[in-house]
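Q: Okay, handing you the structure first.
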Amino acid sequence: MSDIRALEPNTLWNCFADLNAVPRPSKREERVVAFVREFAERHGLTSMLDSAGNVIVKKPATPDRQGRPAVIMQAHLDMVHKAADGLNFEFDKQGIDMWVDDDWVRARGTTLGADNGLGVAAILAVLASKDLSHPPIEALFTLDEEQGMGGALGLQPGLLTGKTMLNLDSEEDDTFTIGCAGGVDTLASLDYTEAAHGPDEPYLAVHITGLRGGHSGLQIHEGRANAIKLMARILCACGVEVVALATMRGGSARNAIPAQCTAQVVILDQPRFDEIFANEVEGIREEFRLIEPHLSITTQPVKPEHGYIPTMADHVQRPFVLALQAVVNGVYRMSPVVPDLVEASSNLSLISLGEGHAEWSGLQRSSVDSSKADVARAFAAPFQIMGADEMNRPEVCHDAGYPGWSPSAESPILEKMKTLYRDLFGHDAKVSACHAGLECGVIAIAYPDLDMISFGPNIHEAHSEKECCSISSVQKFWKLLTATLAAM
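In the numbering used here, the protein residues as written are -10 to 477.
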């Protein structure tokens, strides 16, 4: 940690280190809210909470920018808490353990929290500054971005006066983002009929680990393996004549590609299982050998907890596993308007199954509302048509979702920052929309007249334990941010 605090810009990295000592999972941000408010008080600034619990801190203009319109700086306080397979890390008690690896800051075995902690830290550094030039600052720290943008969706109108907003939640330092996808979560559950097997029958855990995982929006087009889908593939290949499904657990977050999944199964036909399992594993490894070099698929004997082994009844298991195999996952449609942009996608995110009850969910994204509705229906369809009877039919529903952010053809802040970027770095910045969900479109519900732009430093592998950020890129980001404020 001492190496982190020695980095430049010093104030930003120290703010980031202090922030990363505070647990901040989605929907449980009370400690980080208190941290931000105490930070504001310590620097002689006023803070308030809106009706949704979002934090607003205001700072007056510096003497040279008196009379200028206020600028909103925005980032979200929560982070994805994910640890590497097998690592016992207590996020509620332990701070993120960071280290410097050449030009990169990484965490030891967990998500780093650069998404969106670096944005938060940059805002805090501006609030703490004594020598930066800036107009009046309205710092907006939102809650629950990673679990459905709850803070932005509940944002209270009328508290902010600025007409320009800098969203600091992008992950490429040469790109200005001016549009993003909207999203909807599809949630499903099933109470199912069980069958009982004797404790002497072969009982195995199938483990799929070592996958890259990653952001289910930004990395969905890369063809990374989804551990839940791979498990469904193996179960489907075996069939109910070969295995009986007892439990299944997979995924770590609603917006992350699942990097691990474990299923416990009773083996009904050992020779057939050995043959099918070996063939499927060989095929999967060959298909993903370039993109998933650390993929591991193993089996392990399991000792039954009771005098019998409860499994999903075969007349339920068959359609359920078929539905998991069939459910849409990955890129659904490429944009016909923006080259190389994913328009719509789906990610089977989480599953928990056992003792007669199963729950699973997926996140569907699209930059077009009608397409978002279409891909959400496509995700739900295999589960809605399964079920031999009403007792074994899943309940499937969609949440309210959140809107996308449509690019503006005329954006004063974009033109200003394009010029600044060219002057500072000697080449043009890219201008793009992204397939991730940013809060800009949601914030526009409460503040419809905002001129918004999103930018940030280089962050790789967000939402996974491999998350890292570039030190030199953070310096570049800070240079652009402070120059922008000085020019407004």
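The C-beta atom is built at its ideal place from N, Cα and C for all residues, glycine as well.
By Cβ distance, which residues of its chain are closer than 8 Å to Arg(-6), with the 5 residues on each side in sequence left out?
A: Trp2, Asn3 and Ala6
Q: Under a Cβ-count criterion, where at least 16 other Cβ atoms within 10 Å of its own Cβ denotes burial, should Trp467 be classed as buried or exposed?
A: Answer is buried; the Cβ neighbour count reaches 16.
Q: Do Val22 and Leu76 have their C-beta atoms within less than 8 Å of each other?
A: no
Q: Between which two residues does the alpha helix (DSSP H) holding Ile217 run?
A: Counting along the chain, the alpha helix (DSSP H) containing Ile217 begins and ends at Ala216 to Cys227.
Q: Count the other C-beta atoms from every protein chain shown that fall within 10 angstroms of the C-beta of Pro371, then say buried if there are 16 or more, exposed otherwise.
A: buried
Q: Alpha carbon to alpha carbon, what distance is there between Ala252 and Lys419?
A: 44 Å
Q: Under a three-way DSSP split, which group does Ala103 fall into?
A: helix
Q: Return yes when the Cβ of Ser122 is within less than 8 Å of the Cβ of Asp53, no when it is not.
A: yes
Q: Under the three-state reduction of DSSP, which class applies to Tyr436: helix, strand or coil?
A: coil
Q: Are the Cβ atoms of Gly478 and His452 separated by less than 8 Å?
A: With the chain represented from -10 up to 477, any question about residue 478 goes unanswered, as that position is not in the structure.
Q: Taking the continuous beta strand (DSSP E) assigned at Ile298, which residues delimit it?
A: Ile298 to Met301
Q: Quick check: what's the CA-CA separation for Leu257 versus Asp189?
A: 11 Å
Q: Using the C-alpha atoms, what's the distance from Leu474 back to Asp440?
A: Cα to Cα, the separation comes out at about 15 Å.
Q: Let me make sure I understand the geometry here. Which of Ala347, Pro328, Glu454 and Ser334 has the alpha-carbon closest to that of Gly171?
A: Ser334
Q: Within its chain, find whatever has a CB closer than 8 Å to the CB of Ile45; leave out the 5 residues flanking it on each side and keep chain order.
A: These residues qualify, in order along the chain: Ser36, Met37, Leu38, Asp39, Glu127, Ala128, Leu129, Phe130, Leu148 and Leu149.
Q: So if DSSP puts Gln253 in a beta bridge, which residue, or which two residues, is it bridged to?
A: Ala194 and Thr236
Q: Just curious, the beta strand (DSSP E) that Pro124 is in, first and last residue?
A: Pro124 -> no beta strand (DSSP E), and no H or E assigned at all.
Q: Can at least three beta-carbon pairs, one atom from the segment 449 to 463 and one from the segment 104 to 120, be found at a separation below 8 Å?
A: With three or more CB-CB distances shorter than 8 Å, the segment 449 to 463 counts as touching the segment 104 to 120.
Q: With DSSP as the reference, identify every bridge partner of Gln63, one or two as the case may be.
A: Leu129 and Asn156
Q: Determine the burial state of Asn336: buried for a count of at least 16 other Cβ atoms within 10 Å of its Cβ, exposed for fewer.
A: buried
Q: Run through the DSSP bridge pairs and tell me what Cys169 is partnered with.
A: Trp394 and Cys423
Q: Taking the alpha carbon of Leu155 as the reference point, which residue from Pro58, Gln63 and Asp180 has its own alpha carbon closest?
A: Gln63
Q: By the 10 Å Cβ neighbour count, where 16 or more other Cβ atoms means buried, how is Lys48 classified, buried or exposed?
A: buried
Q: For Cys457, which beta-bridge partners are listed by DSSP?
A: Arg95 and His449
Q: What residue ranges within the segment 337 to 408 form continuous alpha helix (DSSP H) runs of no fewer than 4 residues, ordered along the chain?
A: 358 to 373
Q: Can you confirm whether Ser360, when its beta carbon is compared against all beta carbons of chain C, has any partner nearer than 8 Å?
A: In summary, chain C is missing from the structure at hand, where a single protein chain is found.
Q: Excluding sequence positions up to five away, which residues of its chain have a Cβ less than 6 Å from the Cβ of Thr153?
A: Val60, Ile402 and Asp440
Q: Once the 5 residues before and after Ser421 are set aside, which same chain residues still bring their CB inside 7 Å of it?
A: Thr164 and Thr166
Q: Using the beta-carbon count (16 or more within 10 Å), is Lys218 buried or exposed?
A: buried
Q: How should Ser350 be labelled, buried or exposed, when 16 other C-beta atoms within 10 angstroms of its C-beta is the threshold for buried?
A: buried
Q: Could you compute how far the alpha carbon of Ala433 sits from the alpha carbon of Ser397?
A: 12 Å
Q: Which residues does DSSP list as the beta-bridge partners of Ser443?
A: Asn156 and Thr166
Q: Applying the criterion that 16 or more other CB atoms from any shown protein chain within 10 Å of the CB defines a buried residue, is Trp88 buried or exposed?
A: exposed
Q: Take Asn268 as the anchor and find which of Phe28, Ser118 and Arg222 has the nearest alpha-carbon.
A: Residue Arg222 is the option with its Cα nearest to Asn268.
Q: In the DSSP assignment, the alpha helix (DSSP H) including Leu142 goes from what residue to what residue?
A: Gly139 to Leu142
Q: Cα separation between Glu134 and Leu113?
A: 19 Å
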